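Numbering (the numbering used here), first residue to last: 2 to 224. Heads up, the beta-carbon is just placed ideally off N, CA and C, and yes, glycines get one too. Only a predicted model underlies this, so the values are computations on that prediction, with no experimental measurement involved. Below is one structure; the comments refer to it alone.
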């Protein structure tokens, strides 16, 4: 069976292939695009309600296809231009609903990005940038959360980007969880340990063979 990029992405979505997964000139990585429900934005000192009805539907998923993936949010909150400070490292390829969140299998380019994701496992997450306008229908509710604001979001008119960040708003338990790095199975871990033991056991013999081979080569030259 021919494994195309979309079939590989579907298998990652369904847990049949690991994330990240190298495919030709890119990597396919499972990322959270956004959560829903209640969250807290520390910088704005604001509680926010993101309605599941607005995000967990086919229309929103359709809008997510092709959304850029970057590292960290730009100062302007949206991508005004692309350069060293706002490098696009990939795009959302296959968005889907996962519980009360929207996830997406993304095309990611650059071995250094994958190395960063894997080395920072459990320390890197995602954060979406969505933009609202007057017609979005949001509402701010005063004096219900003490000194903090409470904002009920409407429908965003733009999904600008998804950023890799140390900790995202939708990491509700305080642990980065927006990037899926598949844990090796017990069988894979055991196989790796066996390979290490075999390599260690064979190393002296291989070194001896190399020494003998070198001597034979020298004798042939002298003969």
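query                                                                                                                : result
Where the beta strand (DSSP E) containing residue 55 begins and where it ends                                        : Per DSSP, residue 55 belongs to no beta strand (DSSP E); it is in the alpha helix (DSSP H), 53–56.
Nearest candidate by alpha-carbon position, reference residue 142, set 153, 108, 88 and 208                          : 153
Within the segment 100–187, ranges of the alpha helix (DSSP H) (whole runs, at least 4 residues)                     : 112–120
Enclosing beta strand (DSSP E) for residue 33 [first to last residue]                                                : 27–35
Outcome for residue 61 when other beta-carbon atoms lying within 10 angstroms are tallied against a minimum of 16    : buried
Touching by the beta-carbon criterion (3+ pairs, under 8 Å), the segment 21–30 and the segment 158–167               : no
From 81, 105 and 71, residue whose alpha carbon lies closest to that of residue 91                                   : 71
Three-state secondary structure (DSSP) of residue 59                                                                 : helix
Euclidean distance between Cα positions of residue 180 and residue 150                                               : 29 Å
Check whether residue 166 and residue 127 have beta carbons under 8 Å apart                                          : yes
Candidates 6, 9 and 20, of which the one nearest residue 116 by Cα                                                   : 20
In DSSP terms, what residue 90 is bridged to                                                                         : Paired residue(s): none; residue 90 is not in a bridge.
Identity of the residue in 205, 51, 204 and 211 nearest residue 133 by Cα                                            : 51
Rounded C-alpha distance that separates residue 88 from residue 112                                                  : 15 Å
Pick from 75, 68 and 100 that is closest to residue 14, judged by C-alpha positions                                  : 100
Proximity below 8 Å, CB of residue 102 to CB of residue 42                                                           : no
Other residues of its chain near residue 124: CB distance less than 7 Å, five sequence neighbours each side excluded : 167 and 177
Euclidean distance between Cα positions of residue 187 and residue 64                                                : Caution applies to residue 187, whose pLDDT of 48 falls short of 50 and renders its modelled position unreliable; the value that the coordinates give is listed next. Each residue's Cα considered, the two are about 38 Å apart.
Beta-carbon proximity of residue 131 to residue 96, cut-off 8 Å                                                      : no
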